[in-house]
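The numbering used here applies: residue 197 is where the sequence shown begins, and numbers increase by one. Worksheet: the structure to be examined is printed underneath.
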Amino acid sequence: MKLIADGGSTKADWIALKNNRQIFKTSTQGLNPTILDKKTLKKRILKNPELIRNKDEIKEIFFYGAGCRAPIAIEKFKVVLKNIFPNAKVNVNEDMLAAVYAATGGKEGIVAILGTGSNSCYYDGKKMHMLYPSLGYILMDEASGNWFGKQLIIDYYNKRMPENIAKDFEKKYDLSADTIKKNLYEKEAPNTYLAVFAEFMFEHKDDDYIKNLLRKGFDLFFQNRIIAFDKAKKIPIYFIGSIAWFFRDILEEIAFKYGLTIENIIRRPIDKLLEYHTQ
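This is how it looks when you write it as C-alpha cells:
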C-alpha cells in the first residue's frame, strides 16, 4: 500500500493506494515540521485511526508539506513518519512541488499557493525556480490566511476596523490581549492560530472593508511573488489553496490590473496529485 499526502499547516489530506486503486481517503491536523516538534507531529498522526490501522501495510509514503523545504525539517519529519510506518520508504517534499504537479500537469507555468501560508515558483517543465526563500509567517506569507488574520487583529486594535464589522469580530472571537499573546507566544502553531481569524472574511466577503483588505493583500502578493518572474505575462499562472479559491473574484481583479490571466484555481491539490502518482 502507498500513501500520498498533501500537508498544510492547518490540515493534511491523505490518500492510500493499492495497485493504483484508492483504498481510503482521510485527513489529520496540519503537520508543519518547521513549527511543530516531533512529539506533536507524531501525536497528530496517531489520532487518525485509519492511518494507524493500516500502518504496517504501508510500503511507501509521498508526503508534500508546508515547512518541508529545509533539510533539517525534512529529516525531522522523516524520522517521525518512519517511527509510525516502520515498513515504509519515506519521501518528504515541500508543498510547492505538490502544487506544481497538481496544477501544471508537468508543463511550464507559474504556480502560487494561498492557504494558511503563501509562496510561488516558476516551473520550467522539469525544475522549480523560486524567487527567494520564504521566511515564513512572521516576515512573509503575504495574502495568506495567517497574514490576513494578523491584519484583522491589527486593524481591530488600532480602531481601523468599521464599527459594525468590529462588533461581529468581537462576537466570534476572544480578542483579549492575554489570549492573543498566549496563542502567539506560548502555544504551538501560531501561524494556524492567526489563519483562523481569516475565516471571518468568508462571512463578510461582500463588505467594502473586507474587499479592500483582500485587494491590499493580493496586490502585495502579485508585486512580490508573481510579476517579479520575467515570464509572468507569457505563461499560464495557477493558484492553489482556500484563500485563492474563496476570493477568486478579487484575485482575478488584481491579476487583470497587472495584465495577467489566471489559468486555474484549485482548492485542494490532493486529487490532482493522485492523478500524477497513478500515471
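Don't be surprised by glycine CBs; every beta carbon is placed ideally from N, CA and C.
Proximal residues to F442 (C-beta, below 7 Å), its chain only, five neighbours per side dropped: Cβ neighbours of F442 beyond the five flanking positions: F398.
N-terminal and C-terminal residue of the beta strand (DSSP E) that Y434 is part of: That run of the beta strand (DSSP E) goes 433–436.
Three CB pairs or more closer than 8 Å across the stretch 338–352 and the stretch 322–330: no
Other residues of its chain near E290: CB distance less than 6 Å, five sequence neighbours each side excluded: C264, R265
Simplified DSSP assignment, three categories, for I349: helix
Cutoff 6 Å; reference D415; Cβ partners in own chain excluding five residues on either side: I450
Distance between N215 and I423 (C-alpha atoms, nearest Å): 42 Å
Whole-angstrom distance between K303 and D320, CA atom to CA atom: 7 Å
Reference K251; option with closest CA among I280, N408, K368, L293: For the residues I280, N408, K368, L293, the minimum Cα distance to K251 belongs to I280.
Rounded straight-line distance, which links the Cα of I433 to that of I241: I241 and I433: Cα-Cα distance of roughly 33 Å.
Closest by C-alpha distance to S438, when choosing among G413, G311, F425: Out of G413, G311, F425, the CA that lies nearest to the CA of S438 is found in G311.
Check whether T457 and S205 have beta carbons under 7 Å apart: no
Sequence-distant residues of the same chain with beta carbon closer than 7 Å to L237, five excluded per side: L227, P229, F273, V276
For F259 and P282, the rounded distance between their alpha carbons: 15 Å
Opening and closing residue of the alpha helix (DSSP H) in which I406 lies: 404–421
S316, buried or exposed, once every other Cβ within 10 Å from all chains shown has been counted against 16: buried
8 Å Cβ shell around K278 - same chain, five flanking residues per side excluded: A284, V286
When I257, E256, V288, A262 are compared against I137, the one with the closest alpha-carbon: As displayed, the chain neither begins before 197 nor continues past 475, which places residue 137 out of reach and without an answer.
Contact under 7 Å by Cβ, L199 with I254: yes
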